[in-house]
Every structure is written in structure tokens, then in C-alpha cells.
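*Asks:*
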Amino acid sequence: MSEPVLAWSDQLAIGQSVMDDTHREFVEQLNRVGEAEDSAMLAAIDDFIAHTETHFGQEEQWMDAIEFPPRGCHRDEHERILETVRVVRTRVAAGDFRLGRTLAEALAEWFPQHALSMDAVLGLYMTQIDYKPPPAA
């Protein structure tokens with residue numbers, strides 16, 4: 054078995070348990086895309102999209118609930134990522150399986166930066182105002 058495109062580590066944790074749990078799941082889903090055989094690639098991307106829509110939606114609900122000042126920038130980044138993933142999904146459905154693996158590699162480079170900047174700031178703000186996010190459904 055090959056190495057995962059992104060290994061979860063404590064360095065990716067930001068100290069908000071609900072967010073960290075969701076981020077662990079994101080990494081797992083991302084690795085499934087990166088490791089998928091051609092015959093399983095489309096299903097892996099579909100699962101990744103479903104997870105990521107829920108993941109990003111959850112964070113956006115929190116940002117709205119607490120009127121997080123930079124939520125527009127954070128939401129825009131989420132939208133750009135989902136738009137890219139959906140375009141790649143269309144290409145994978147047409148048989149470009151290599152692009153699915155390239156997507157996984159690119160997101161493995163993007164995610165730590167996003168988590169340790171935008172999500173960490175959100176987590177810090179949530180802590181400062183004593184906002185306790187509801188557990189994931």
C-alpha cells in the first residue's frame with residue numbers, strides 16, 4: 054500500500070475537538086481519493102464531496118452564528134475548493150482518473166495551510182467568545 058497523500062498528525066490539530074474530528078475525517082476522505090483505483094475513483098470523489106460540503110457547511114454555520122468577522126474570506130475559499138473538486142469530478146467521470154489523484158495531492162498541500170491559518174483563527178475566536186459548537190450530526 055502506498056503512503057497517504059496527507060497523514061494526520063497533532064500538528065494539524067487546532068484545539069477545537071469538533072473541528073479537529075471533522076478535519077481527521079477530511080484527511081481520511083482525501084487519502085481515499087489519493088489511493089483509489091481507477092474503478093473506485095469516482096465513488097471516492099463523490100464521498101469526498103459529500104463530506105466536504107458538510108464539513109464546510111458546518112464551519113460556515115458556526116461563523117454565521119458568531120458573526121465571525123472574516124467569514125466572507127473563509128467562505129470564499131471553501132467555495133473555490135468545492136468548485137474545483139466538482140470540475141475534477143466531471144473530468145474523472147469522463148475517464149481522467151489521473152486528475153483525481155492530482156487533486157488529492159494538491160489538496161494535501163492546501164489543507165494544512167488552511168487548517169492552521171483560517172480554521173485556527175476561527176477556533177481561537179470561538180474559544181475567546183466561549184462558543185461551544187454543537188457536536189457533528
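Numbering-wise (this note's numbering), the sequence shown opens with residue 54 and increments by one.
Note that beta-carbon positions come from the ideal geometry of N, C-alpha and C, so glycine has one too.
How many Å lie between Q69 and D63 at the Cα?
*Replies:* Translated into positions along the sequence shown, residue 69 becomes position 16. Translated into positions along the sequence shown, residue 63 becomes position 10. Roughly 12 Å between the two C-alpha positions.
*Asks:* I98 and G176 look like a contact to me (Cβ under 8 Å); what is the Cβ gap, rounded to whole Å?
*Replies:* Within the sequence shown, numbered from 1, the residue matching residue 98 stands at position 45. Within the sequence shown, numbered from 1, the residue matching residue 176 stands at position 123. Taking a contact as a CB-CB distance under 8 Å, the pair I98 and G176 does not count as one, their CB atoms being some 28 Å apart.
*Asks:* Is the beta carbon of G87 sitting closer than 8 Å to the one on A146?
*Replies:* The residue you call residue 87 lines up with position 34 of the sequence shown. The residue you call residue 146 lines up with position 93 of the sequence shown. Going by C-beta atoms, G87 is not nearer than 8 Å to A146.
*Asks:* Quick check: the Cα distance between V140 and E106, rounded to an integer number of angstroms?
*Replies:* Translated into the one-based positions of the sequence shown, residue 140 becomes position 87. Translated into the one-based positions of the sequence shown, residue 106 becomes position 53. C-alpha separation (whole angstroms): 15 Å.
*Asks:* Look up P188 in the DSSP assignment and say whether it is helix, strand or coil.
*Replies:* In the sequence shown, residue 188 corresponds to position 135, counting from 1. Here P188 sits in coil by DSSP.
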